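Engineer:
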Amino acid sequence: MTSLSASLVRGAVTSPFKHPGRPGATLPTDRLTLPAAPAAPGPLAAYRRICGFPAPESGPLPLTYPHVLAFPLAMRLMTGRDFPLPVVGLVHTWIEISSHRPVQPGEALEPTVYAAELTAHRRGTEVTMVTEARVGGELVWESRSGYLSRHAPKAETAAARVGEEAPELPAIAEWRLPGDLGRRYGAVSGDRNPIHLHPLTARPFGFPRAIAHGMWTVARCLAEADKQAGELRTVRAEFRAPVLLPATVTYAADPAGNAFALRSASGRVHLTGTVTRAL
Numbered sequence: 437m438t439s440l441s442a443s444l445v446r447g448a449v450t451s452p453f454k455h456p457g458r459p460g461a462t463l464p465t466d467r468l469t470l471p472a473a474p475a476a477p478g479p480l481a482a483y484r485r486i487c488g489f490p491a492p493e494s495g496p497l498p499l500t501y502p503h504v505l506a507f508p509l510a511m512r513l514m515t516g517r518d519f520p521l522p523v524v525g526l527v528h529t530w531i532e533i534s535s536h537r538p539v540q541p542g543e544a545l546e547p548t549v550y551a552a553e554l555t556a557h558r559r560g561t562e563v564t565m566v567t568e569a570r571v572g573g574e575l576v577w578e579s580r581s582g583y584l585s586r587h588a589p590k591a592e593t594a595a596a597r598v599g600e601e602a603p604e605l606p607a608i609a610e611w612r613l614p615g616d617l618g619r620r621y622g623a624v625s626g627d628r629n630p631i632h633l634h635p636l637t638a639r640p641f642g643f644p645r646a647i648a649h650g651m652w653t654v655a656r657c658l659a660e661a662d663k664q665a666g667e668l669r670t671v672r673a674e675f676r677a678p679v680l681l682p683a684t685v686t687y688a689a690d691p692a693g694n695a696f697a698l699r700s701a702s703g704r705v706h707l708t709g710t711v712t713r714a715l
């Protein structure tokens, strides 16, 4: 968490000097790796509680947890001088996670993070960040995440990409999210981005109130999906609209529990996703 806080400060300092959309921009080729170590029991238990996962004495890590462990590495890379996009204002737009086998908390997990590609987006430029986790050299878990830097794109790019309509899924559960959820999840994950902490720190970034962490919303949905039969192996989630805190949201899913969505009482869709399960 200390390194993550330092990266947030560095990002605030370096972001004004970066210009998204600059022709010929390239990504750093660095691959950052943490030393192999098992998950610390206390932080893991706190993460399970805040996200709604069951807290067994033994059992595999939640599907999203290696991303949390590796996020300080991603932030260190994205706030470096040679990273072309400003981290301030960067929006997490989607994530794909694949678990090649269940990872037990006692296993020494070695996360690696690198930047894979820059892509033109109808609202700016998107970077794909890759996280890989190994145990004894074996690739056991990996993810790909899209982060959008918003700026005026080229006209042909803006017209080329059109979002798909989210499916209307039946409601399964209703959750009341407290105003301090961002601060509580930030204390557990180390992600204390000001947009999640308080209305006063969110307003300079265009939000009237603090917003929920995207990774909390997908983890909470997976905790609910995990109640269905079959161990979760992959997830693809699209972050469609921020959840302003406090809020009441509805978790919706198909009968098989393979597609899900998070929406507000007004019908606004905040998150959509699909999962696959072990046979």
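Residues in the sequence shown are numbered from 437 upward in steps of one, following the working numbering. Cβ atoms here follow ideal geometry from the backbone N, Cα and C, with glycine treated the same way. Computed from a predicted structure; not experimentally measured.
Is it buried or exposed, residue 584, if we count other Cβ atoms within 10 angstroms and call 16 or more buried?
Structural biologist: With 16 or more Cβ atoms within 10 Å of its Cβ, residue 584 is classed as buried.
Engineer: DSSP three-state label for residue 624, please.
Structural biologist: Residue 624: helix per DSSP, three-state reduction.
Engineer: Excluding five sequence neighbours on each side, which residues of the same chain lie with their C-beta closer than 7 Å to the C-beta of residue 451?
Structural biologist: Closer than 7 Å at Cβ, skipping near neighbours: 522, 523, 524.
Engineer: Could you tell me whether the segment 647-660 touches the segment 674-688, where touching means 3 or more Cβ pairs closer than 8 Å?
Structural biologist: Segments in contact, yes.
Engineer: Considering only residues of the same chain and omitting the five flanking positions on each side of residue 705, which have a CB-CB separation below 7 Å?
Structural biologist: These residues qualify, in order along the chain: 602, 676, 677, 697, 699.
Engineer: Is the segment 487-507 touching the segment 567-581 in the sense that three or more CB pairs, one from each, lie closer than 8 Å?
Structural biologist: Verdict: yes, contact present.
Engineer: Which residues in the same chain as residue 655 place their Cβ atom closer than 6 Å to its Cβ, once the five residues preceding and following it in sequence are excluded?
Structural biologist: So the list reads 487, 500, once near-sequence residues are dropped.
Engineer: Going by DSSP in three states, residue 709 sits in which element: helix, strand or coil?
Structural biologist: Correct three-state label for residue 709: strand.
Engineer: Go ahead and pull the three-state DSSP assignment for residue 528.
Structural biologist: Looking at residue 528 - three-state DSSP - the assignment turns out to be strand.
Engineer: Determine whether the beta carbon atoms of residue 549 and residue 565 lie at a separation below 8 Å.
Structural biologist: Cβ atoms of residue 549 and residue 565: closer than 8 Å.
Engineer: Indicate whether the contact test is met: 3 or more Cβ pairs, each with one atom in the segment 509-523 and one in the segment 471-488, closer than 8 Å.
Structural biologist: In short, these stretches do not touch, since the Cβ pair count stays below three.
Engineer: May I have the straight-line CA-CA distance separating residue 596 from residue 476, to the nearest angstrom?
Structural biologist: The predicted model places residue 596 with a pLDDT of 40, which falls under 50 and marks its position as unreliable; any figure quoted below should be read in that light. Near 45 Å, if we compare the C-alpha coordinates of residue 476 and residue 596.
Engineer: Can you name the start and end residues of the beta strand (DSSP E) that residue 668 belongs to?
Structural biologist: Start and end: 668-675.
Engineer: Could you give the DSSP three-state label for residue 704: helix, strand or coil?
Structural biologist: Residue state, collapsed to three classes: coil.
Engineer: Assuming residue 468 and residue 513 make a contact with CB atoms under 8 Å, what is their CB distance in whole Å?
Structural biologist: So it is a contact: roughly 6 Å between Cβ atoms.
Engineer: So, are the CB atoms of residue 459 and residue 551 less than 8 Å apart?
Structural biologist: Taking 8 Å as the Cβ cut-off, residue 459 and residue 551 do not qualify as a contacting pair.
Engineer: With distances taken Cα to Cα, identify the nearest neighbour of residue 535 among 633, 669, 474.
Structural biologist: The option with the nearest alpha carbon to residue 535 is 669.
Engineer: At which residues does the alpha helix (DSSP H) containing residue 484 begin and terminate?
Structural biologist: Taken as a continuous stretch (DSSP letters only), the alpha helix (DSSP H) holding residue 484 covers 477-487.
Engineer: CA-CA distance, residue 640 and residue 711?
Structural biologist: Rounded to whole angstroms, residue 640 to residue 711 spans 35 Å at the Cα level.
Engineer: By DSSP's criteria, residue 585 is part of a beta bridge. Which residues make up the other side?
Structural biologist: Residue 585 pairs with 561.
Engineer: So, helix, strand or coil for residue 462, using DSSP?
Structural biologist: Three-state DSSP puts residue 462 in coil, outside helix and strand.
Engineer: What does DSSP give as the partner residue(s) for residue 637 in the beta ladder?
Structural biologist: Beta-bridge pairing links residue 637 to no other residue.
Engineer: With a CB to CB cut of under 7 Å and the five nearest residues on each side skipped, what residues in its chain are close to residue 606?
Structural biologist: Closer than 7 Å at the Cβ level, and outside the excluded window around residue 606, lie 688.
Engineer: The alpha helix (DSSP H) spanning residue 715 covers which residue range?
Structural biologist: No alpha helix (DSSP H) holds residue 715; DSSP gives it neither H nor E.
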